[in-house]
Amino acid sequence: DQQVKQNSPSLSVQEGRISILNCDYTNSMFDYFLWYKKYPAEGPTFLISISSIKDKNEDGRFTVFLNKSAKHLSLHIVPSQPGDSAVYFCAATINFGNEKLTFGTGTRLTIIP
Amino acid sequence: DAGVTQSPTHLIKTRGQQVTLRCSPKSGHDTVSWYQQALGQGPQFIFQYYEEEERQRGNFPDRFSGHQFPNYSSELNVNALLLGDSALYLCASSLVGTAWAYEQYFGPGTRLTVT
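Taken in sequence, the protein lines are chains A and B. First residue of the first sequence: 117, per the numbering used here; consecutive thereafter. First residue of the second sequence: 30, per the numbering used here; consecutive thereafter.
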């Protein structure tokens with residue numbers, strides 16, 4: 117049972133344009149969501165997070181939006197840069213203090229120069 | 030400041046054998062979590078260790094066991110290896126009880142191949 121889903125295995129975006137990565141979840145108990153970025157031969161790196169009490173969180177070029185009623189979140193990267201090419205994982209967790217993360221299957225983002 | 034380190038980088042084992050993977054957490058962190066990432070999948074939570082005890086466990090059989098040492102480093106042991114255990118094993122560390130506990134720091138992983 118895949119509780120966190122990333123339905124787009126890959127995405128290609130022109131440099132300078134906006135990249136939008138999507139994530140859906142089924143477990144309504146999830147109350148904290150994170151995005152991780154992974155380069156080949158490296159472990160995932162934390163990018164940005166959002167609590168279920170918010171609907172938006174920004175950090176520089178990265179913005180995460182949360183739509184609780186739709187059980188959907190998205191990561192916006194603007195403007196996209198070649199260094200953003202990586203695999204992006206959406207993750208979720210239940211209850212503060214519980215650090216068990218449930219990950220999606222990832223989206224491979226390619227930024228075209 | 031050393032990040033999370035894992036050893037070995039790669040490992041090839043035969044079905045039925047046993048394997049031990051090692052992890053040293055980021056300096057200052059006290060909690061270690063282990064994840065299995067199969068090809069084309071996202072990481073799946075195996076278990077988490079805090080204060081040398083297994084704090085949480087994912088949906089993995091008892092063949093998967095672990096240990097945490099007083100210096101917070103950790104081992105993952107897998108017995109009776111199956112072909113399906115071939116995966117990238119990731120270790121992540123965090124500092125429990127902090128606002129950043131979710132923002133786990135991952136090591137580069139150990140690539141295990143079972144033949």
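For each residue, glycine too, the CB sits at the ideal point set by N, CA and C. On a predicted model such as this, the values are computed, not experimentally measured, just so you know.
DSSP places A116(B) inside the beta strand (DSSP E), whose first and last residues are 116-123.
DSSP, reduced to helix, strand and coil, places L189(A) within a strand of the structure shown. Only exposed fits I41(B), as fewer than 16 other CB atoms lie within 10 angstroms of its CB.
Membership of N138(A) in the beta strand (DSSP E) is indicated by the continuous run 135-141. For the stretch 136-164 of chain A, the set of residues with a beta-carbon nearer than 9 Å to any beta-carbon of chain B comprises Y148, L150, Y152, K154, A157, E158, G159, P160, T161, F162, in chain order.
When rounded, the separation of the alpha-carbon atoms in G159(A) and Q66(B) is 11 Å. Annotation: R92(B) is outside any beta strand (DSSP E) and is labelled neither H nor E by DSSP. Taking C-beta separations shorter than 6 Å and ignoring five residues to either side along the sequence, the partners of A121(B) in its chain run S62, Q133, F135, following chain order.
For I169(A), there is no enclosing beta strand (DSSP E), as DSSP gives it neither H nor E. When L137(A), F162(A), H192(A) are compared, the shortest CA-CA separation from S126(A) is found for L137(A).
Close partners of G69(B) in chain A (Cβ separation under 9 Å): P125, T221, G222.
Close partners of K216(A) in chain B (Cβ separation under 8 Å): S62, F74, Q77, Q85, G87. With the rule of 3 Cβ pairs closer than 8 Å, the stretch 73-83 of chain B does not count as touching the stretch 221-228 of chain A. The beta carbon of R92(B) sits closer than 7 Å to those of V107, N108, A109, all from its chain and outside the five residues before and after it, given in chain order. F162(A) is bridged by DSSP to Y152(A).
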